[in-house]
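In the numbering used here, the protein residues as written are 267 to 603. In this text, a Cβ means the ideal position worked out from N, Cα and C, and glycines have one as well. Okay, so here's the structure we're looking at.
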Amino acid sequence: MSEPRKLEVLRAIVEDYVHSREPVGSKALVERHQLGVSSATIRNDMAALEDEGLITAPHTSAGRIPTDKGYRLFVDQISAVKPLSQAERRAIQSLLEGSDDLDDVLDRTVRLLAQLTNQVAVVQYPHLSRALIRHIEFVLLAPRKVLVVLIANSGKVEQRVIDAGQDLGDDALAGLRARFLASLAGTPLAGLSQALPAVVSSVSPAQRQAAQALAHVLEVLAHSSREDRMVMAGTANLARSNVDFPLSIGPVLEALEEQVVMLRLLSEMAQDHHGVAVSIGRENPYDGLAEASVVATGYGPDSMAKVGILGPTRMDYPTTMAAVRAVARYLSRILGP
């Protein structure tokens, strides 16, 4: 069996199975694809693919379905990721360009990607270790209650209400804000802890208690804006495909809830194919994802954070890879400098 025909038959089996969810027989392949050979030859070809571990027979069926190894060969042979349609590109553009707030943009991103692919979409927050402080705001809510807002140049906004430990007037708080802002604007979030003591010691003793409370909460906010976390959408899409998770959907949902697992997987995935990383079935290091595939790519200025989807191994890889890549490009453009 020639290599080109082997790939052609495998591609036909993958496409038919993805489309129909039914194991694929030689008769169906001959009817649906112009393979240019008889069904007897196709049967021999399928036997050869089975011997190589690229397809397998589910125990109740005469047809064949791709194995993880078969999907891997199929994905590796995709010569070009097809571009999205004009309508899809316009949808991405109009949805993502309507906001400047990072939380909102990432939330819109996963909802959009889940819609485009009918899978679970996940996005890692950008790594903010290199983010700088753009603005600090203190708002007096009551004599001792202050709303503290920290805004990074990445668009990330963190806020918290604190007890300042002493009564403050609007003027006193405005003075503290001016002092903190003058000293800290442009400081990297990662270096905030080192910069704060000097600001606190420069404040008059009468306001030092409040300054210390404000400094402490700024440090907490800077740290929480740097933690690794992700947003996801579309978990209901998994539940619709119980055919694809015959053993149990439970482990897949657990892996999604256990964000550490997903974040580690996303971080370790190497982009090797058209700038998109694909991890199929048992290639995933986490047992709970043995029946799932993850397609992801980096976004943002350093492409360190990932956006991607998780779904059954029986997914439309070319379309999914195109959607993930297109969404990542728009996201980079919106969050770019």
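One or two residues paired with residue i in a DSSP bridge
i, result
"residue 559", "546, 577"
"residue 565", "571"
"residue 404", "414"
"residue 427", "413"
"residue 375", "Note: residue 375 sits in no beta bridge, so no partner."
"residue 321", "332"
"residue 290", "330"
Option nearest residue i by Cα separation, candidates the options
i, options, result
"residue 275", "295, 378, 588", "295"
"residue 352", "599, 598, 588", "588"
"residue 234", "452, 447, 438", "In this structure the chain extends from 267 to 603, so residue 234 is not present and cannot be described."
"residue 324", "529, 510, 531", "510"
"residue 449", "435, 550, 481", "481"
"residue 418", "429, 434, 400", "400"
"residue 488", "505, 515, 460", "460"
"residue 415", "402, 422, 429, 421", "402"
"residue 346", "594, 593, 600, 586", "586"
"residue 392", "600, 561, 572, 299", "572"
"residue 422", "429, 369, 435", "369"
Alpha-carbon spacing of residue i relative to residue j, whole angstroms
i, j, result
"residue 542", "residue 596", "15 angstroms"
"residue 341", "residue 444", "56 angstroms"
"residue 463", "residue 456", "15 angstroms"
"residue 397", "residue 454", "6 angstroms"
"residue 471", "residue 381", "56 angstroms"
"residue 286", "residue 278", "12 angstroms"
"residue 343", "residue 315", "15 angstroms"
"residue 386", "residue 433", "49 angstroms"
"residue 532", "residue 474", "44 angstroms"
"residue 598", "residue 562", "14 angstroms"
Sequence-distant residues of its chain with Cβ nearer than 8 angstroms to residue i (five each side left out)
i, result
"residue 283", "289, 290, 331, 332, 580"
"residue 337", "280, 546, 547, 559, 579, 583"
"residue 271", "301, 303, 311"
"residue 365", "371, 374"
Same chain, Cβ closer than 7 angstroms to residue i, five either side skipped, listed in chain order
i, result
"residue 292", "305, 308, 309, 312"
"residue 413", "405, 407, 425, 427"
"residue 602", "567"
Proximal residues to residue i (C-beta, below 6 angstroms), its chain only, five neighbours per side dropped
i, result
"residue 372", "389, 497"
"residue 523", "none"
"residue 318", "none"
"residue 273", "343"
Below-8 angstroms beta-carbon distance, residue i vs any chain D residue
i, result
"residue 285", "In the structure shown, chain D cannot be found, because there is only a single protein chain."
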